[in-house]
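Numbers 1 to 325, taken from UniProt numbering, label the letters of the sequence shown in order.
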Amino acid sequence: MVSIDYMAHQEQYSPSQLLRFSELAADNGFEFVWTSDHFHPWFHTDAEAGFAWSWLGAAAERIDVPIGTCVTPAGEHYHPALMAQAFATLQEMHDERVVLGLSTGEAMNEKPMGHEWPDYPVRRDRLEETLEIVHGLWDNDDFYSYDGEHFTVDDAKLYTMPEERPEIQIAANGPSTASLTGEYGDGFITVKTGEEYTERMYPAIRRYAEDEGRDPDSIETTLLVIASYDEDYERARAATRPWWATTQNVFDRAMANPKEIEAEGEKATEEEIEGKFLIADDPSDIAGQLSAYAEMGFDRIALGNTSPEPETFFEVMGDEVIPSL
1 MVSIDYMAHQ
11 EQYSPSQLLR
21 FSELAADNGF
31 EFVWTSDHFH
41 PWFHTDAEAG
51 FAWSWLGAAA
61 ERIDVPIGTC
71 VTPAGEHYHP
81 ALMAQAFATL
91 QEMHDERVVL
101 GLSTGEAMNE
111 KPMGHEWPDY
121 PVRRDRLEET
131 LEIVHGLWDN
141 DDFYSYDGEH
151 FTVDDAKLYT
161 MPEERPEIQI
171 AANGPSTASL
181 TGEYGDGFIT
191 VKTGEEYTER
201 MYPAIRRYAE
211 DEGRDPDSIE
221 TTLLVIASYD
231 EDYERARAAT
241 RPWWATTQNV
251 FDRAMANPKE
261 IEAEGEKATE
271 EEIEGKFLIA
281 DDPSDIAGQL
291 SAYAEMGFDR
301 IALGNTSPEP
311 ETFFEVMGDE
321 VIPSL
């Protein structure tokens with residue numbers, strides 16, 4: 001069985017709208033609510049940029065499904081000890097499970113605050129140190145210290161901890177970052193890119209788990225897909241425009257100004273747009289695409305909703321698509 005999740009994009013809707021959409025998602029059979037965690041959005045026109053951690057506290061009071069970030073950046077934007085404290089607090093309050101999704105981050109989280117945007121090896125090292133610190137604080141009842149190249153923890157202790165610690169899932173678009181899942185992650189998240197790449201990631205994660213002596217089935221895998229539905233296909237396609245820059249490999253580039261990122265999206269070709277997003281004018285087409293993703297082996301498919309009429313998408317998913325899966 002594959003689980004269908006909702007990806008609440010802080011970039012596209014106000015926090016209040018996202019709370020309402022998350023309730024609609026939960027009411028229509030979506031089994032998990034993820035949210036993005038950025039300082040700047042991926043586009044400028046009609047964009048939003050709510051603070052994910054504040055929003056998650058409100059979401060935990062509104063919906064009775066698991067919640068998590070997809071994903072929190074491991075950089076100078078947040079200190080790892082604050083991440084550990086924030087998500088332990090969420091888990092203590094929320095009756096369902098909480099997931100801290102982590103990645104190497106993007107320049108849009110660092111440069112606006114005056115931080116440098118380092119080369120990839122430094123970003124990967126920061127992620128690994130973040131993982132060690134978060135695990136260290138969650139897994140130790142006593143005081144914990146850490147002296148790393150990028151982060152330091154000096155006799156820190158989390159006085160508020162849930163009965164069960166939150167989960168950690170690692171997001172990656174390449175093998176070097178993905179390999180950290182085997183040692184540190186409860187799960188793995190990746191975005192839909194080319195079909196060949198997406199199909200390769202699932203067996204790679206299983207191999208990384210085996211290399212660490214872990215049961216590959218213990219690693220939950222999630223595929224993030226941005227979807228747009230409308231009875232008019234061209235209208236559904238046009239509604240993906242805010243996300244066109246994600247077809248241009250902006251993730252690893254030192255781009256932090258949403259106007260510049262949005263301009264990159266205008267370079268997207270029709271083939272890139274239709275290859276990147278799930279665009280449909282018929283509910284059966286959505287079901288067929290989701291089934292194809294599930295056959296790749298992913299446990300969860302998280303759908304971002306960029307439909308012209310977002311409420312209609314949730315209703316169609318609940319009435320026709322999710323029951324058929």
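Each residue gets a CB set at the ideal place from its N, CA and C atoms; glycine is no exception.
Asked: Have a look at A204 and T69 and give me their C-alpha separation to the nearest angstrom.; Found: 23 Å
Asked: I think G29 touches M317, with their Cβ atoms under 8 Å apart; what is that distance to the nearest whole Å?; Found: 7 Å
Asked: Just curious, the alpha helix (DSSP H) that F188 is in, first and last residue?; Found: Note, F188: premise wrong, no alpha helix (DSSP H); beta strand (DSSP E) at 187–191.
Asked: Give me the residue from E295, A302, L290 with the minimum Cα distance to E320.; Found: L290
Asked: Who does G68 pair with in a DSSP beta bridge?; Found: W34, V99
Asked: The beta strand (DSSP E) that contains I63, what's its start and end?; Found: Element bounds for I63: n/a, residue is neither H nor E.
Asked: Quick check: H13 and E48, are their CB atoms within less than 8 Å of each other?; Found: It should be noted that the sequence gives Tyr, not His, for residue 13. Against a cut-off of 8 Å, the Cβ pair of E48 and Y13 comes out as a contact.
Asked: Give the range of the beta strand (DSSP E) segment to which G304 is assigned.; Found: 300–305
Asked: Scan the segment 199–276 and note each continuous alpha helix (DSSP H) run of 4 residues or more that stays entirely inside, going in chain order.; Found: 233–238, 258–265, 270–276
Asked: Measure the alpha-carbon distance for D155 versus D139 and round it to whole angstroms.; Found: 14 Å
Asked: List the residues that DSSP assigns as beta-bridge partners of M7.; Found: W34, G304
Asked: Could you have a look at Y13 and say whether DSSP puts it in helix, strand or coil?; Found: coil
Asked: For Y184, which of I301, E167, M7, L19 has the nearest alpha-carbon?; Found: E167
Asked: Buried or exposed, going by whether 16 or more other CB atoms sit within 10 Å of the CB of L278?; Found: buried
Asked: Taking contact to mean at least 3 C-beta pairs separated by less than 8 Å, is the segment 35–47 in contact with the segment 82–95?; Found: no
Asked: Can you tell me the Cβ-Cβ gap for P258 and P41, rounded? I've got them flagged as a contact below 8 Å.; Found: 5 Å
Asked: Quick check on F188: buried or exposed, where buried means 16 or more other Cβ atoms within 10 Å of its Cβ?; Found: buried
Asked: Buried or exposed for G114, going by 16 or more other Cβ atoms inside 10 Å?; Found: exposed
Asked: In whole angstroms, give me the CA-to-CA distance for I322 and D299.; Found: 15 Å
Asked: Specify the secondary structure class of E164 as computed by DSSP and reduced to three states.; Found: coil
Asked: What separation, rounded to the nearest whole angstrom, lies between the Cα atoms of R276 and E163?; Found: The sequence as given places Lys at residue 276; Arg does not occur at that position. Going by the C-alpha atoms only, they are around 40 Å apart.
Asked: Rounded to a whole number of angstroms, what is the C-alpha to C-alpha distance between L18 and L224?; Found: 17 Å
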